[in-house]
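2 protein chains.
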Amino acid sequence: MTKAPWIMCRSEIKVLDCTIRDGGLVNNHQFDDDFVHAVYNTCVAAGVDYMELGYKNSERMFDKTKCGAWRFCNEESIRRIVGDNATPLKLAVMIDAGKTDWQNDVIPKQQSVIDTVRVAFYVHQVPEATDMIRDAHEKGYEVWANLMAASTATEEEIDKVLEILAETPASVLVVVDSYGSMYAEQIERLVTKYLSFGRGTGKEVGIHAHNNQQLAFANSIEAIIHGANRVDASLGGLGRGAGNCPMELMLGFLRNPKFKLRPIYDTLERCVAPLQKNIEWGPYPEFIMTGQNNQHPRAAIEARENPQTRDHYVEFYDRIMMQQ
Amino acid sequence: MTKAPWIMCRSEIKVLDCTIRDGGLVNNHQFDDDFVHAVYNTCVAAGVDYMELGYKNSERMFDKTKCGAWRFCNEESIRRIVGDNATPLKLAVMIDAGKTDWQNDVIPKQQSVIDTVRVAFYVHQVPEATDMIRDAHEKGYEVWANLMAASTATEEEIDKVLEILAETPASVLVVVDSYGSMYAEQIERLVTKYLSFGRGTGKEVGIHAHNNQQLAFANSIEAIIHGANRVDASLGGLGRGAGNCPMELMLGFLRNPKFKLRPIYDTLERCVAPLQKNIEWGPYPEFIMTGQNNQHPRAAIEARENPQTRDHYVEFYDRIMMQQ
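So the sequences go chain by chain: A and B. Here the working numbering is used: the first residue of the first sequence is 127, the next is one more, and so on. Here the working numbering is used: the first residue of the second sequence is 127, the next is one more, and so on.
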């Protein structure tokens, strides 16, 4: 065993803040500018490497009266917060297959303050995803590939997807545990596999974890131990359902002196804790149940949104177990 | 790598519920009989192996007007809940060095409904702890040895403690992460070390984790992977400060068909969730900070108990960092 590997830090590791993007799935992306600005300033002050602002979804597919600005991430919205972003913080948006008019809405990098485009897709969307990756790369962006819900794909499918992704210009392959169902041993296997396909072409591997089983932080550590150099986290774990890996835990673990915890706690105190009065996220029992049964969290989200069904754990347990 | 080790279960693993014992540190052990009875029935119905009811502390050292019955665990109090305990559930109490009149208060096993005595002690209390272990064993109990705050002891000290414990009649050596400061790699090293001392004399290794860094469940899994066959958990993670490993997560992970989740969710819904209106536990930022800095949670508990200081994360952060 290596002697006390936790004593030093690995400077190659870069952290992406997904507070606004994944958190937007909790409140239909309706964060006000003050909140987004606070998160932006916090990322800069804390030395976070990337900040993901939201989705660049098509205005023809999503109702602008119901979804906030961060569902669309127009250049104007972003510049209202970051100006020309004269900081070391890289800005990212997510485009997901089937919901994005990427041909038109992803504009050439020269005209955009965005640095990085993350392409999210399910196994059945690989053909479009590879087109999206190539398009965004040709337009001048750094591109990451996020295969969602990897826990529901077969090993053969994942192998094939990775074989295809290895030939794209994506620079990062992200292990995504959408349902928060994975244990450390599964993370180890996937990270090792993703690395084996990515290494030959100089790609890094990332981790995006969900906290259904209170394993988002632990699984992110596990991914790092096995070679992942890109990690997603969010302030207070803010994110859909059970939420994501909490930034305050991750930066403390990384021990890289470039990361500062104080600005994180400042924003947690002033902006994120008050938010919990209006919106909810975290590893509530309903999310444990969907996670442990490798299911999409939507049933749990619905159960918790309705005061008639929220915290009726046994009713929900029976429903989940009988539907299997 | 072993192929999908998570598919099967390991029947040697036994689970100890510490809801009332560790949870008692949150409310001065003032659970009413209905609650204790509910937890007892739940443990029986869920197939949990042990239930720890509290401390057997000296009435001369603790104020009976301030502490509830589960600080003392008199035979009468316990029998009021369990009768003669005609169930497969084993009952445990904890006796801690320096706070227990064990010579008098631990009565012979023939007169008691208690099965197991857990001796808790710090490194500097090993002489008394070994006396306590031998005494409880001679009186007829199964005895576990819980070296607390292992994260603050040197490797040399831990080696010496384990060398001494190996010669006692304790049947389980528990890795205790009192401050919730440990990462998986540290758990691996300690479990491996404890096993190396315990194996020759047929002792098992246990894990008692705290959730300061949301790692109680993950670290318990890690301990199991590396050979621990005894694991502590509590309903909803109820326990001091950030709490313990949640029982609902652990039983789902273990996959042993003898364990039933439905009774756990039933009691979470009816008894534990309502409790959260009156008492608080969980991985709040103050507990992250003491955990990440390997400190006793008492400063965090005090900060959160006072409405003037609760959720003042930056103030607390500055205090923790400057005191180092």
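We treat Cβ as the ideally placed atom computed from N, Cα and C, and that holds for glycine.
Delimiting residues of the beta strand (DSSP E) encompassing residue i
i: E453 (chain A); result: Here chain A covers residues 127 to 450 and nothing more, so residue 453 (chain A) does not appear.
i: V141 (chain A); result: K140 to D143
i: R356 (chain B); result: R356 to A359
i: E441 (chain B); result: Where E441 (chain B) is concerned, there is no enclosing beta strand (DSSP E), although the alpha helix (DSSP H) it sits in stretches over Y439 to M448.
Sequence-distant residues of its chain with Cβ nearer than 8 Å to residue i (five each side left out)
i: Q418 (chain A); result: S307, N338 and Q339
i: N420 (chain A); result: S277, T278, Y305 and S307
i: A344 (chain A); result: A310
i: G408 (chain B); result: N337, G363, A368 and G369
i: I446 (chain A); result: M415, T416, N419, Q421 and A425
i: V287 (chain A); result: V249, V252, L273 and A279
i: T213 (chain A); result: V170
i: M376 (chain A); result: V141, F343, S346, V357 and A359
i: L387 (chain B); result: A172, E374, L377 and G378
Spatial neighbours of residue i in its chain, beta-carbon cut-off 6 Å, leaving aside the 5 residues before and after
i: S304 (chain A); result: M274 and A275
i: T435 (chain A); result: A429
i: R381 (chain A); result: C135
i: C371 (chain A); result: A335, A342, F343, S346 and A359
i: F442 (chain B); result: E412 and A429
i: A292 (chain A); result: F323 and T327
8 Å contact criterion, which residue i and residue j should meet: CB distance rounded
i: V232 (chain B); j: V239 (chain B); result: Actually they are not in contact, since the Cβ atoms of V232 (chain B) and V239 (chain B) sit about 13 Å apart, beyond 8 Å.
i: L215 (chain A); j: I204 (chain A); result: About 12 Å; that fails the 8 Å criterion.
i: L361 (chain B); j: I390 (chain B); result: 7 Å
i: I427 (chain B); j: E374 (chain A); result: Wrong, their Cβ atoms sit about 19 Å apart, outside the cutoff.
i: A262 (chain B); j: L299 (chain B); result: Going by Cβ atoms, the distance from A262 (chain B) to L299 (chain B) rounds to 15 Å, so no, they are not a contact pair.
i: N355 (chain A); j: V317 (chain A); result: Actually they do not touch by this definition, with Cβ atoms about 10 Å apart.
i: I139 (chain A); j: I351 (chain A); result: That belief does not hold up - the Cβ atoms of I139 (chain A) and I351 (chain A) are roughly 11 Å apart, past 8 Å.
i: A456 (chain A); j: F379 (chain A); result: The first residue shown for chain A is 127 and the last is 450, placing residue 456 (chain A) beyond what the model contains.
i: F247 (chain A); j: W196 (chain A); result: In fact, because the Cβ distance is near 20 Å, the residues do not count as touching under 8 Å.
i: E348 (chain B); j: I313 (chain B); result: 5 Å
i: K319 (chain A); j: I290 (chain A); result: Not quite, the Cβ-Cβ distance comes to about 14 Å (not below 8 Å), so this is no contact.
i: V219 (chain A); j: G180 (chain A); result: 6 Å
i: E202 (chain B); j: H438 (chain A); result: Not really, about 37 Å apart at Cβ, beyond 8 Å.
Local Cβ density within 10 Å of residue i, reported as buried at 16 or more and exposed below that
i: I133 (chain B); result: exposed
i: T393 (chain B); result: buried
i: D222 (chain B); result: buried
i: S297 (chain A); result: buried
i: G150 (chain A); result: buried
i: K329 (chain A); result: buried
i: D143 (chain A); result: buried
i: T294 (chain A); result: buried
i: E268 (chain B); result: buried
i: N404 (chain A); result: exposed
i: A255 (chain B); result: buried
i: D175 (chain B); result: buried
i: M448 (chain A); result: exposed
i: K190 (chain B); result: exposed
i: K182 (chain A); result: buried
i: R366 (chain B); result: buried
i: P423 (chain A); result: buried
i: T128 (chain A); result: exposed
i: R147 (chain A); result: buried
Other residues of its chain near residue i: CB distance less than 7 Å, five sequence neighbours each side excluded
i: M258 (chain A); result: I221, A223, W228 and V245
i: K166 (chain A); result: The sequence as given places Tyr at residue 166 (chain A); Lys does not occur at that position. Excluding positions up to five away in sequence, the list reads M177, I207 and V208.
i: A399 (chain A); result: none
i: K192 (chain B); result: N154
i: H163 (chain A); result: I207
i: F161 (chain B); result: C397
i: E185 (chain B); result: F198
i: S137 (chain B); result: N382
i: D159 (chain B); result: R206 and I207
i: K225 (chain A); result: N183, S184 and M187
i: D210 (chain B); result: V239
(message) Please give me, in chain order, every unbroken run of the beta strand (DSSP E) with length at least 3 that falls completely inside the region 204-260 of chain B.
(response) Those beta strand (DSSP E) runs which fall completely within the region 204-260 of chain B and span 3+ residues are 216-222 and 242-247.
(request) Can you check the region 273-352 of chain B for any beta strand (DSSP E) of at least 3 residues that lies completely inside it and give the ranges in chain order? (result) Inside the region 273-352 of chain B, DSSP marks whole beta strand (DSSP E) runs of 3 or more residues at positions 298-302 and 330-334, from first to last along the chain.
(message) Quick check for students: name the residue ranges of the alpha helix (DSSP H) that lie wholly in the region 381-427 of chain A, counting only runs of 4 or more.
(response) Qualifying alpha helix (DSSP H) stretches, in chain order: 388-393 and 411-418.
(message) Going residue by residue through the region 129-203 of chain A, where are the continuous alpha helix (DSSP H) segments of at least 4 residues, counting only ones entirely within it?
(response) As far as the region 129-203 of chain A is concerned, its whole alpha helix (DSSP H) runs of at least 4 residues are 145-149 and 159-172.
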